[in-house]
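*Asks:* The sequence shown begins at 20 in the working numbering and counts up by one.
Note that beta-carbon positions come from the ideal geometry of N, C-alpha and C, so glycine has one too.
Just passing along the structure, written as structure tokens.
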Amino acid sequence: MRIDIVTIFPEFFRVLDVSLLGKARTSGLLDVRAHDLRDHAHDRHRTVDDTPYGGGAGMVMKPEPWGEALDGILDEAAAAGGPGPTLIVPSPAGEPFRQPIAAELAQLDHLVFACGRYEGIDQRVVDHYDERMPVRLLSLGDYVLNGGEVAAMAMVEAIGRLVPGVVGNPESLVEESHQDGLLEYPSYTKPQVWRGLEVPDVLRSGNHGAVAAWRHEQRIERTRRVRPDLLGDDDA
Ligand code: JCK
20 MRIDIVTIFP
30 EFFRVLDVSL
40 LGKARTSGLL
50 DVRAHDLRDH
60 AHDRHRTVDD
70 TPYGGGAGMV
80 MKPEPWGEAL
90 DGILDEAAAA
100 GGPGPTLIVP
110 SPAGEPFRQP
120 IAAELAQLDH
130 LVFACGRYEG
140 IDQRVVDHYD
150 ERMPVRLLSL
160 GDYVLNGGEV
170 AAMAMVEAIG
180 RLVPGVVGNP
190 ESLVEESHQD
200 GLLEYPSYTK
210 PQVWRGLEVP
220 DVLRSGNHGA
230 VAAWRHEQRI
240 ERTRRVRPDL
250 LGDDDA
């Protein structure tokens, strides 16, 4: 999978070299490239923002550098042949990014992330590229970030680990795909007693049925406590 990221902070994405995805990158399974939007701003100060039409606080990202940067990526993809890319725009106004979307995007050959800053990107950039390629506005969650970079990083990690061969243990992915919308059970390893806290006896009983039942019970109890919405038990 090829992933292009357009941002005013390309160095931010160097952290991907040291994460889980590092090996997949060097082996060529994942080809992630960050591009500096300012390379496509041609005034002396490499300006990428301007004041909002209609007034209001803050600045908005100008469309021209985005047009030049994204056209460059689209032209290169077209020259290489193969399926065209999908554009992902992290946005507080986007559709919630959840596991089924990660799984869907992991099937694609080429993703492009447009990371905004300030109050976001001129809407015409989304409207224009929506006519040329699939475009997804996605939100990491219901809180406000300073820009799209942290959201893009989380999405790249969630999508990248679902690309076949990227995660070391495919059994973990199979187990995940059979998940039923409950939270996980708590995990324990050695030592048996740590700072006076014991591993639950049932986990050392050797009784696989009892272990499975206990874990299921724990999952339901945890979910009821912190995520009643997942059980349809919330009052939302
Ligand atoms: C992309 C710029 C900063 C901050 C104004 C008025 C709500 C607009 C995101 N889950 C997520 N939270 N935030 C983002 C995100 C934030 C971004 C950009 C993604 C580009 N910013 C910003 C405040 C406002 N708002 C009411 C926000 C933009 C994702 N994904």
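Below 7 Å, is the gap between the Cβ of residue 67 and the nearest heavy atom of the ligand JCK?
*Replies:* In the sequence shown, residue 67 corresponds to position 48, counting from 1. No, since every heavy atom of the ligand JCK falls outside the 7 Å radius drawn around the Cβ of residue 67.
*Asks:* What did DSSP end up calling residue 212 once you bin it into helix, strand or coil?
*Replies:* Counting from one through the sequence shown, the residue named residue 212 turns up at place 193. DSSP places residue 212 in strand when its eight states are reduced to three.
*Asks:* State the Cα-Cα distance for the pair residue 119 and residue 62, rounded to the nearest angstrom.
*Replies:* Taking the first residue of the sequence shown as position 1, residue 119 is located at position 100. Taking the first residue of the sequence shown as position 1, residue 62 is located at position 43. Cα to Cα, the separation comes out at about 42 Å.
*Asks:* Which residue spans inside the stretch 82 to 161 form an unbroken alpha helix (DSSP H) run of at least 4?
*Replies:* You should have 82 to 99, 118 to 124, 142 to 148.
*Asks:* Among 84, 185, 68, 22, which residue has its Cα nearest to the Cα of residue 55?
*Replies:* Locating residue 55 in the sequence shown gives position 36, counting from the first residue. Checking every option, the nearest Cα to that of residue 55 belongs to 84.
*Asks:* To the nearest angstrom, how far is it from the Cα of residue 110 to the Cα of residue 157?
*Replies:* In the sequence shown, the residue the question calls residue 110 occupies position 91. In the sequence shown, the residue the question calls residue 157 occupies position 138. Answer to the nearest angstrom: the Cα atoms are 6 Å apart.
*Asks:* Would you tell me roughly how many angstroms separate the C-alpha atoms of residue 112 and residue 42, rounded to the nearest one?
*Replies:* Counted from its first residue, the sequence shown places residue 112 at position 93. Counted from its first residue, the sequence shown places residue 42 at position 23. If you take the alpha carbons of residue 112 and residue 42, they lie about 33 Å apart.
*Asks:* Taking residue 244 and residue 250 to be in contact with their CB atoms under 8 Å, please state how far apart those CB atoms are, rounded to whole angstroms.
*Replies:* As a working note, residue 244 is residue 225 in the sequence shown. As a working note, residue 250 is residue 231 in the sequence shown. The Cβ separation is near 10 Å, so there is no contact.
*Asks:* If you measure from the CB of residue 191, is any heavy atom of the ligand JCK nearer than 7 Å?
*Replies:* Counting from 1 along the sequence shown, the entry for residue 191 is found at position 172. Checking every heavy atom of the ligand JCK against the Cβ of residue 191, none is found closer than 7 Å.
*Asks:* Taking a contact to mean a Cβ-Cβ separation below 8 Å, would you say residue 78 touches residue 148 in this structure?
*Replies:* Here residue 78 refers to the residue found at position 59 of the sequence shown. Here residue 148 refers to the residue found at position 129 of the sequence shown. No; because the gap between Cβ atoms is not below 8 Å, this pair is not in contact.
*Asks:* Cutting at 8 Å between CB atoms, please list the residues of its own chain near residue 114, excluding the five before and the five after it.
*Replies:* The count along the sequence shown starts at 1 and reaches residue 114 at position 95. These residues qualify, in order along the chain: 120, 155, 156, 157, 158.
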